[in-house]
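The UniProt record's numbering numbers the first residue of the sequence shown as 1 and each following residue consecutively.
The block underneath contains the structure these notes are about, expressed in structure tokens.
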Amino acid sequence: MQYALTINGKSHTVDVDEDTPLLWVLRDTVNLKGTKFGCGAGLCGACTVHLDGAPTRACQTAISDVGKASITTIEGVGETPVGARLQKAWLDVDVVQCGYCQAGQIMSAAALLAQNKSPSDSDIDAAMDGNICRCATYSRIRQAIKQAAG
Ligand code: FES
């Protein structure tokens, strides 16, 4: 089945089964490898992308459910002011340890700051609750979000 997608502002037509998870369309069909597979069960947040700005687990989203939503991935989020500030803050704070979960972390943080320009600690904890980091970089993630929020 063919699907017309808008990913990071560009049009793509893909031909995949309707139940194919968006994660695999992004990684294997469109060759955007920044979005990661962690648990495949909606539990870890490594696969987080935006659909019309809303943080979404790509592993749990069938391609047939994307509809006309605009998809943003870690490869495109830096084109937005919030995404650019977050990526700079991530580097300034030196957040990353192994790095595997960090694309998903930044996507969740970008969705938060797009809605809430100066989140409290509890706002940050609530928004980031579904993004697991096995290196436990949580305190640096919070610091970077605060820096990006300005
Ligand atoms: Fe999608 Fe873990 S890979 S939530």
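Ideal Cβ placement from N, Cα and C applies to all residues, glycine included.
Check	Outcome
Beta carbon of residue 25 nearer than 7 Å to that of residue 63	yes
7 Å Cβ shell around residue 118 - same chain, five flanking residues per side excluded	149
Buried or exposed (CB count within 10 angstroms, at least 16 for buried), residue 55	buried
Given 8 Å, three or more beta-carbon pairs between the segment 69 to 80 and the segment 118 to 131	no
Every unbroken alpha helix (DSSP H) within the segment 10 to 95, with a cutoff of 4 residues, ordered by chain	74 to 77 and 81 to 93
Simplified DSSP assignment, three categories, for residue 100	coil
Residue of 115, 11, 98 and 18 minimising C-alpha distance to residue 61	18
CA-to-CA distance, residue 132 to residue 95, given in whole angstroms	14 Å
Range of the contiguous alpha helix (DSSP H) that encloses residue 149	138 to 149
Own chain residues within Cβ distance below 8 Å of residue 121, not counting five before or after	142
Whole runs of the beta strand (DSSP E) within the segment 102 to 136, excluding any shorter than 3 residues	none
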